[in-house]
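The opening position of the sequence shown corresponds to residue -15 in this note's numbering, with each subsequent residue numbered one higher. Virtual Cβ for every residue (Gly too), placed ideally from N, Cα, C. Since the structure is predicted, the reported quantities are computational estimates derived from the model, not experimental observations. Okay, so here's the structure we're looking at.
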Amino acid sequence: MTNRSIDPRSGLVFDIREFGHRAGGSTEIVDDVPAREGIGNDVIGVPTESPIHLDLRLEGVGDGVLATGVAEVQLRGECARCLTEIEADAEIDLQELFLFPGVDPDDEEASRVEAEMIDLEPVLRDAAMLDLPFIPLCREDCAGLCPTCGVNLNDDPDHEHGEVIDPRWASLTVWTEGDQN
């Protein structure tokens, strides 16, 4: 993953000058930073400006800086079946190697150290997309909405409309009406 222009004011950008370009140094980072826009998808994601709790370890390794840790976030979205609002907490595991300038990566998409800084935002965004539920549900047994009238079946599980006859077959009911009497 290639870094775009790094904004040093972002809470997810870290100065790594203390490591120099050598292996062995490490630092722990425990911090709360505001979420930026666009972490998630159209159905569920991290609300803009909500707190992201970071518990990270940055380690100098031979070719760069290895960032590992966890980001705790609040998710907000809607249930894919009944469309009610969902709020949940999630832990997102992070691990990324940021290569120093001049190191030839095996992967063209490798993250890079730029101006002695690393940006964890693209790493967090990608990891969040992998951890988010593909079909978010308010609960495992969500009944969804009535396909006829749209009533939330979780609120009214006994909801029914009676027997509905396909209009293409309705004229055949003449033959069965006499049998019922």
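Proximity to aspartate 77 [Cα-Cα], best of Ile149, Gly146, Val107 = Val107
Can you tell me where the alpha helix (DSSP H) with proline 106 in it begins and where it stops?
-> 105 to 115
Cut-off 7 Å between Cβ atoms - residues of its own chain near valine 17, not counting five sequence neighbours on either side = Excluding the 5 residues flanking it on each side, valine 17 has same chain C-beta neighbours closer than 7 Å at Gly(-5), Leu(-4), Ile36, Leu38, in chain order.
Run the CB neighbour count on arginine 1, radius 10 Å, all protein chains shown included, and call it buried at 16 or more, exposed below.
-> exposed
Do you know how far the Cα of alanine 64 is from the Cα of serine 155?
-> 37 Å
Counted within 10 angstroms of its Cβ, other Cβ atoms place proline 131 as buried (16 or more) or exposed = exposed
To the nearest angstrom, how far is it from the Cα of tryptophan 159 to the Cα of arginine 152?
-> 15 Å
Along the beta strand (DSSP E) that carries valine 14, what are the first and last residues, could you check?
-> 10 to 18
Do the stretch 109 to 118 and the stretch 81 to 89 touch if we need at least three Cβ pairs shorter than 8 Å?
-> In this structure the stretch 109 to 118 does not touch the stretch 81 to 89; the number of beta carbon pairs closer than 8 Å is below three.
Per DSSP, what kind of secondary structure is alanine 154 in: helix, strand or coil?
-> helix
Alpha-carbon spacing of cysteine 206 relative to threonine 157, whole angstroms | Summary: the structure shown does not reach residue 206, with the chain confined to residues -15 through 165, and so no result is reported for it.
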